[in-house]
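**Q** One structure, as structure tokens, below. Some questions next.
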Amino acid sequence: MVSMQNIVILAITVAYLIVVLGVGMVAARATGTSREDFLMADRSFGTVVLLFALFATNMTAVVMIGAPGLAYQTGAGALGFFVALFAFLFPVLLMTFGYRIWLIGKRFGHITPGQIANHRWEADYLGVLFMVMFTIWTIPYILVGVQGGGIVFEALTEGLVPYWLGALIVIVVVGLYVYPGGMRGTGWTNTFQGMVFLVVLLGLFAYIALRLGGFGSATESVAQINDGVLLDRAGIPPYEPRMWFSQGIIVGLGGFMFPHLVIRYMTARSVTTLRQTSLLYPIAIVLAWVPAVMIGFWGIAAMPDIDNPDFILPTMVFEYLPWWVIGIALAGILAAMMSSIDGQVLTMSTFFTEDVVSEFFEGVTDKQAVWYARVFLVTIFGLAYVGALLTTDTIVDTATFAFAGYGMMFVPLAAAFYWRWSTKEAVYVGLLYGFIGLWLFEFGPIPASLTFGFHPFVPLLVTQFILMVIVSAVTQSPSEERINEYESALEDVW
């Protein structure tokens, strides 16, 4: 029998989704028909919109589901495991590497990393390879958001909305505002949803702590379990020093290389916008991650018998919040997931349009380009939904693999801005080597012993760089004219 409690939870959630759609529709009416406007919002994002466009699109189910789940399994070290290095590395990369991406994109009219690669190395198909690899690594990451949507709907409605339907609702709502609104639609809804997400998460953090007797009492109750074993990372496999270092590098480089972030670096209105965003972004990250991890950590003592760690945060919410507040909590959790899915899917459709359609079909009008982007967008939504129904991996497992894949694209793209004598052949080899290497380690043909205790990403990254140096030394660089164009554009850049 359907309870009044579940009806109210659903009503609040539906009301929130309607508001999100309203914001998206307003953005859609402000969106023009040109590809630059639909795909890049005319490069007009100010500090507030860019901050939340980067922050909210990065607050995936990894934050609301995966991180609390890992903390529930292994302790509060999950915070450092995910964001210790990223919070410091990201602003540095944004104001160095990200600034160069923005500057070159603005100077030459590039929209995608693939266009930068083709132009910088005078290549024909390098952009396609970038697009294909970004898509392959992004589809699993989109699954994370769809998985998370299904999980929280099922948990917080006590099964009234099953996993498959919850995941479908997330897909449909996101599609309804991304399809007409493009980049501006995602930017405006990300700003709204990012604010909702932060307010709700901080509220959950404070209220659950209060219900558990206060911050000190909630933490002390976990410290007393098994003589404080979860306060010492020794003996916890993910926190072994070499794996800890590996994860920091993976998240630091991979997180910066998220395609839905890379493309948004180029939407900034000015360099001042980038600078201000780089200063504010780490603060937003800490405000999000600390509460999410600590709620999962407190759950170790408060709810010790949960079978699936990914359910710990929604279960804690359901257990300790008044039932009429649960709908608000569900809305906040969905805000994190939808604001990442929208950017990911729009970015993949942008890459397809710019790196494949526009590259190989002459005379494509802006109207046709937008149509192709929308068709690809719907296709990705469909694949993501089917994948979410079939996957058996945890959210953390899925996300870590995708992070590593993005990270393997860092050196090849950085070569465009920092390596005068790099060649297109070296970039082809570097991309393929990193991609194939990760899959071979993942499925076992290459023994894990060759990683010397690190995640496979670390030795692959080192050998990828060495291999690219060797290939560049024996192949032809782009024309001197093209090299000088880029050096001139970046002459006064730090």
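Residue 237 is where the sequence shown starts when you use the working numbering, and the numbers rise one by one after that. Using N, Cα and C, we set each Cβ at its ideal position, and we do this for glycine too. Bear in mind the structure is a predicted one, so any value in this text is a computation, not a measurement.
Within the region 599-626, note down every full alpha helix (DSSP H) run reaching 4 residues or more, in order along the chain.
**A** Runs found: 602-626.
**Q** Looking at the secondary structure, which residues open and close the alpha helix (DSSP H) in which Gly579 lies?
**A** Looking at the DSSP string, the run of the alpha helix (DSSP H) that includes Gly579 is Trp559 to Phe588.
**Q** Look at the alpha carbon of Gly395 and the alpha carbon of Phe389, and state the distance between them as a whole number of angstroms.
**A** Each residue's Cα considered, the two are about 8 Å apart.
**Q** Let me make sure I understand the geometry here. Which of Ile245, Met502 and Met369 has the alpha-carbon closest to that of Tyr664?
**A** For the residues Ile245, Met502 and Met369, the minimum Cα distance to Tyr664 belongs to Met369.
**Q** Taking Leu401 and Phe554 to be in contact with their CB atoms under 8 Å, please state how far apart those CB atoms are, rounded to whole angstroms.
**A** Actually they are not in contact, since the Cβ atoms of Leu401 and Phe554 sit about 18 Å apart, beyond 8 Å.
**Q** Threshold first: 4 residues or longer. Then list the alpha helix (DSSP H) segments lying entirely within the region 266-324, N to C.
**A** The region 266-324 contains these whole alpha helix (DSSP H) runs: 271-276, 283-294, 303-310 and 314-319.
**Q** Of the choices Asn242, Ala725 and Gly260, whose alpha-carbon is the least far from that of Leu774?
**A** Given that the chain is displayed from residue 237 to residue 730, the structure contains no residue 774 and the question cannot be resolved.
**Q** Is the beta carbon of Gly623 closer than 9 Å to that of Pro376?
**A** Yes. Within cutoff.
**Q** Would you grab the beta carbon distance between Val432 and Gly282 for me? Rounded to a whole angstrom, and I think it's under 8 Å.
**A** Val432 to Gly282, Cβ: 20 Å. No contact.
**Q** Just mark Lys603 as buried or exposed, buried being the case when its beta carbon has 16 or more other beta carbons within 10 Å.
**A** Lys603 is exposed by the Cβ-count criterion.
**Q** Since I believe Val414 is in contact with Leu613 (beta carbons under 8 Å), could you give me their beta-carbon distance rounded to a whole number of angstroms?
**A** Right, their Cβ atoms sit about 6 Å apart.
**Q** In angstroms with no decimal places, state the Cα-to-Cα distance between Asp360 and Val592.
**A** The alpha-carbon atoms of Asp360 and Val592 are separated by roughly 11 Å.
**Q** Does the beta-carbon distance from Leu246 to Val487 come in below 9 Å?
**A** In this structure, Val487 does not lie closer than 9 Å to Leu246 by Cβ.
**Q** Per the contact definition of three or more C-beta pairs closer than 8 Å, is the region 678-698 in contact with the region 639-646?
**A** Touching, yes.
**Q** Am I right that Asp253 and Val436 are in contact with their C-beta atoms under 8 Å? What's the rounded C-beta distance?
**A** Rather than Asp, the amino acid found at residue 253 in this sequence is Leu. In fact, because the Cβ distance is near 14 Å, the residues do not count as touching under 8 Å.
**Q** DSSP has Ala353 in a bridge; who is on the other side?
**A** None; Ala353 has no bridge partner.
**Q** Measuring only the C-alpha atoms, how far is Trp373 from Gly449?
**A** Taking the straight line from one Cα to the other gives about 43 Å.
**Q** Quick check on Ala359: does DSSP put it in helix, strand or coil?
**A** Residue state, collapsed to three classes: coil.
**Q** Please state whether the Cβ-Cβ distance between Ile301 and Ile564 is less than 9 Å.
**A** Going by C-beta atoms, Ile301 is not nearer than 9 Å to Ile564.
**Q** Alpha carbons only, please: which of Ala620, Leu726 and Leu674 is nearest the one belonging to Gln383?
**A** Among Ala620, Leu726 and Leu674, the Cα nearest to that of Gln383 is on Ala620.
**Q** Going by DSSP, what residue range makes up the alpha helix (DSSP H) through Phe492?
**A** Its alpha helix (DSSP H) spans residues Pro477 to Phe492.
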